[in-house]
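Residue numbers (this note's numbering): 5 to 398.
In what follows, a structure is listed as structure tokens, so that the remarks can point back to it.
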């Protein structure tokens, strides 16, 4: 049976997948700079005899065609970029690029998709349909590699009926995966705000226009965007993580600088909220004698897992791993540029468990100590290969 054959090959190539993952982990590259990573992927695709096209500078798109007759097409996606983090792990495959680290598991995603390509190339005489292998750059940085690849035609010629992606999840034990149908991850917008007043001596506030007090009022008022204007049935988050008022104990500064994030799962409300935030901030600050520059940099849209596709893929995962190893996911207010695929094509984005408490592998993504339980790689390559074959109707 196909499942047993895939499981057998996944086991036989496990050491190669681990080696590829460790190579990528040791040689991370930042968003839009994945030159060597792209060359590494291309070399392996050449070795498998797969043709590919370059997109978005460092992105690669390969076609893998089954030999049985079928006009079905699906796409599998892996991201390739790393983060500006200095790795703290003391492991043989520690990052050799100081200040850059695969702290979000994109090394796992890329090595896994190469493993999937290996499995399905070996089995191509036993299934029908075409699989697009998308090796995507720059997930971590706006405007996002997904948006660029879509603009360059990654979902055309041939057009896939479904796009499937996975992401590591250190909250889930290795050997398990998680799914959620419908809205899953939030949109994300970056907020850059400057409140200007008139600085001076802290003992003479009547002579100043204090931007610190104005900012405090503005921050409190802006939370009404979430608590009083947003539909409570739809998740919404407004957070400011940077506030700089560079005065002193007796010095009121001329301005306060802020950075924050706005996230939601409703594109109509997102547009409305942008207008309300600016209008509220401008009105309040001006009423207190100051001025405000409120810049919103629009980021990724929300991610939606098409329900029929996701339920189908979840069923295939239960067949491959057993129902006890397929979990329900809650809404996740982080963002992911896979969302761009989900806005224009039926898509499914699921989570790959990478946790092993007994070995202390529990750190969250985007931290200097993030790592994975590498047995998850066997699950990763086998499952994704099986999902692809089954979704193609084999």
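Note that CB positions come from ideal geometry on N, CA and C, so glycine has one too.
Thinking just about the alpha-carbon of each residue, which of the options is nearest to the one in residue i?
i, options, result
"residue 53", "16, 76, 125, 79", "125"
"residue 393", "82, 19, 321", "321"
"residue 30", "306, 87, 60, 63", "87"
"residue 293", "201, 391, 160", "201"
"residue 299", "270, 199, 369", "199"
"residue 69", "20, 62, 123, 103", "123"
"residue 105", "32, 289, 362", "32"
"residue 213", "223, 255, 172, 13", "255"
"residue 234", "210, 204, 271", "271"
"residue 61", "37, 44, 278", "37"
"residue 96", "121, 43, 20, 26", "26"
"residue 35", "51, 108, 13, 98", "108"
"residue 378", "84, 177, 168", "177"
"residue 362", "372, 376, 381", "376"
"residue 183", "24, 312, 17, 85", "312"
"residue 372", "93, 13, 9", "93"
"residue 359", "238, 181, 336", "181"
"residue 204", "161, 16, 252, 221", "252"
"residue 173", "110, 346, 71", "110"
"residue 208", "232, 257, 301, 163", "257"
For residue i, does the three-state DSSP call read helix, strand or coil?
i, result
"residue 332", "strand"
"residue 171", "strand"
"residue 227", "coil"
"residue 73", "strand"
"residue 104", "coil"
"residue 261", "strand"
"residue 92", "coil"
"residue 398", "coil"
"residue 109", "coil"
"residue 327", "helix"
"residue 122", "helix"
"residue 365", "strand"
"residue 81", "strand"
"residue 61", "coil"
"residue 176", "strand"
"residue 20", "helix"
"residue 348", "helix"
"residue 375", "coil"
"residue 39", "helix"
"residue 370", "coil"
"residue 146", "coil"
Residue i bridges to which residues according to DSSP?
i, result
"residue 342", "In DSSP, residue 342 forms no bridge with anything."
"residue 44", "Per DSSP, none; premise fails for residue 44."
"residue 246", "263"
"residue 86", "34"
"residue 98", "Paired residues: none, contrary to the question."
"residue 66", "56, 137"
"residue 213", "202"
"residue 241", "267"
"residue 193", "266, 302"
Check for me: the alpha helix (DSSP H) holding residue i runs from which residue to which?
i, result
"residue 155", "149-155"
"residue 163", "Looking at the DSSP string, residue 163 is not in any alpha helix (DSSP H), and its letter there is neither H nor E."
"residue 388", "380-395"
"residue 6", "6-16"
Considering residue i, what are the terminal residues of the beta strand (DSSP E) in which it resides?
i, result
"residue 206", "Taken as a continuous stretch (DSSP letters only), residue 206 belongs to no beta strand (DSSP E), as it is neither H nor E."
"residue 134", "132-140"
"residue 127", "Neither: residue 127 is in no beta strand (DSSP E) and is coded neither H nor E."
"residue 337", "Residue 337 -> no beta strand (DSSP E), and no H or E assigned at all."
"residue 353", "351-359"
"residue 233", "Element bounds for residue 233: n/a, residue is neither H nor E."
"residue 181", "181-183"
"residue 187", "186-189"
Check whether chain B comes within 8 Å of residue i, counting only Cβ atoms and requiring the distance to be less than that.
i, result
"residue 161", "No chain B is part of this structure, which consists of one protein chain only."
- Scan the region 250-325 and note each continuous beta strand (DSSP E) run of 3 residues or more that stays entirely inside, going in chain order. 259-268, 295-302, 307-309, all fully within the region 250-325.
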